[in-house]
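Trainee:
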Amino acid sequence: MENYQQPEIDKLLAAELYSPLPSSRLLFTYCMNFIAFAFAALALIPLFSILWEIMKRGIGGIKTEMFVKSVIDNGFGNAILGTITVVAIASLLSIPIGLFTGIFLAEFAQTNSLTRFVRFITSILTGVPSIVVGIFAYGVIVLSTKSFSAIAGGFALATIMLPIIVLTTEEALKLIPIEQRLASAALGGTRFQTTFRVVVTAAIPTITTGVLLAVARAAGETAPLIFTALFSLDWSAGLLTPTASLPVLIFNLYNDPDPERSQLVWTTSIILLGLVLCVSLISRLVTSKKK
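Position one of the sequence shown corresponds to residue 518 (my numbering), numbered consecutively onward.
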């Protein structure tokens with residue numbers, strides 16, 4: 518008798534699940550979708566207006582020779598090189614420390630007092646204003662070396678990147694199912710082997726996304742570089758000398774009365790947006806491959 522009633526119950530449930538929604542529910546769904554899309558469009562208006570203004574004013578000033586000339590010759594080649602140099606130094610300083618700190622927090626010391634303290638400090642660092650980070654780097658590096666430099670700028674940007682990398686690495690490792698750790702242990706894998714050969718390998722796409730987002734943020738920072746790398750109108754003489762960068766170029770020349778310098782600001786803005794967009798696209802590609 519029970520075997521006979523079960524198919525009937527299943528058919529009734531299936532009919533109820535696949536029956537069309539009442540008109541009131543459909544109307545509510547359409548209204549909520551409309552409101553969501555309307556607010557999303559309103560949020561995109563300022564973004565597209567800024568992009569349109571930058572493209573309109575800057576696209577006409579792009580010339581090939583500007584990529585190999587310095588600011589003093591109405592180019593931005595030294596600023597591009599300086600930005601890449603400073604961000605590369607920041608990446609070399611922050612990525613290894615951030616990755617190993619995130620792995621330690623997620624895999625080796627989840628609940629002790631040291632872990633809670635490190636998480637607390639890392640969370641605070643994510644909310645520290647970038648200009649405060651610049652003053653900190655000024656006191657630590659610039660006053661010690663008595664010179665503005667690319668190394669000081671890289672140190673400031675590394676301080677900004679570090680908490681982002683730590684937190685994203687930790688969260689990426691937490692997303693890996695516990696079953697993979699247990700399977701590795703059942704096959705004889707040690708804690709170290711399980712962490713680095715199984716867990717970290719599975720989380721590499723997500724970790725890479727977090728690292729690239731940190732790099733994109735660092736590339737657009739201005740305030741820390743004003744206090745550390747300063748600026749240079751010509752090519753930098755080395756890592757221990759003032760170094761030009763795209764954000765500081767825009768900041769310094771925005772109010773310049775010279776029309777050529779004013780045009781250079783808008784053209785530089787396009788280049789900076791392009792660099793940040795490239796990094797963001799790479800992170801999206803990494804995420805899509807993971808999915």
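All C-beta atoms, glycine included, are put in the ideal place defined by N, C-alpha and C.
Only a predicted model underlies this, so the values are computations on that prediction, with no experimental measurement involved.
#1: Quick check on this structure: which residue in Phe653, Leu742, Ala733, Gly592 has the alpha carbon closest to the alpha carbon of Leu750?
#2: Less than 8 angstroms between the beta carbons of Phe584 and Ile567, yes or no?
#3: Locate the alpha helix (DSSP H) running through Phe768, then write down its first and last residues.
#4: Quick one: residues in its chain with C-beta nearer than 6 angstroms to the C-beta of Ala780, no 5 flanking neighbours on either side, listed in chain order?
#5: To the nearest angstrom, how far is it from the Cα of Ser800 to the Cα of Leu792?
#6: Quick check on this structure: which residue in Lys586, Ser786, Phe621 has the alpha carbon closest to the alpha carbon of Lys691?
#7: Rounded to a whole number of angstroms, what is the C-alpha to C-alpha distance between Gly706 and Thr712?
#8: Which word fits Ala754, buried or exposed, when buried means at least 16 other C-beta atoms lie within 10 angstroms of its C-beta?
#9: Around the Cβ of Pro694, are there at least 16 other Cβ atoms within 10 angstroms (buried) or fewer (exposed)?
#10: In the DSSP assignment, find the alpha helix (DSSP H) that holds Arg636 and state where it starts and stops.
#11: Do the stretch 726–741 and the stretch 695–705 make contact, defined as three or more Cβ pairs closer than 8 angstroms?
#12: What does the Cβ neighbour count give for Glu687, buried or exposed, with the cut at 16 atoms within 10 Å?
#13: From Ile648 to Ile743, what distance separates their C-alpha atoms?
#14: Can you tell me the Cα-Cα spacing of Ala746 and Ile552, whole angstroms?
#15: In angstroms with no decimal places, state the Cα-to-Cα distance between Cys795 and Ala731.
#16: Closer than 6 angstroms by C-beta to Leu679: which residues in its own chain qualify, once you throw out the five before and the five after it? Chain order, please.
#17: Pull up the distance between the alpha-carbon of Thr546 and that of Leu564, whole angstroms please.
#18: Please name the residue, chosen from Gly670, Pro722, Val715, that lies closest to Thr685 on a Cα-to-Cα basis.
#19: In chain order, what residues of the same chain lie with their CB nearer than 7 angstroms to the CB of Asp773, ignoring the 5 residues before and after it?
#20: Would you identify the three-state DSSP class for Ala754, choosing helix, strand or coil?
#21: Using three-state DSSP, classify Phe709 as helix, strand or coil.
#22: Name the residue from Lys573, Arg542, Ala761, Ala667 whose alpha carbon lies nearest to the alpha carbon of Lys586.
#23: Which runs of the beta strand (DSSP E) at least 3 residues long sit entirely within the stretch 711–753? Give them in chain order.
#24: So which of Trp752, Ala667, Thr618 has the shortest CA-CA distance to Ile638?
#25: What's the call for Val645, buried or exposed, on a 16-neighbour Cβ count within 10 Å?
#26: Can you list, in chain order, the residues of its chain with a C-beta nearer than 7 angstroms to that of Gly575? Leave out the 5 residues immediately preceding and following it.
Mentor: A quick look at the data gives this:
#1: Gly592
#2: no
#3: 763–770
#4: With the sequence shown as reference, residue 780 is identified as Gln, and Ala is not the correct amino acid for it. Contacts found: Gly578.
#5: 13 angstroms
#6: Phe621
#7: 9 angstroms
#8: exposed
#9: exposed
#10: 630–643
#11: no
#12: buried
#13: 9 angstroms
#14: 46 angstroms
#15: 13 angstroms
#16: Ser611, Gly615
#17: 28 angstroms
#18: Pro722
#19: Ser779
#20: coil
#21: helix
#22: Ala761
#23: none
#24: Thr618
#25: exposed
#26: Trp783, Thr784, Ser786, Ile787
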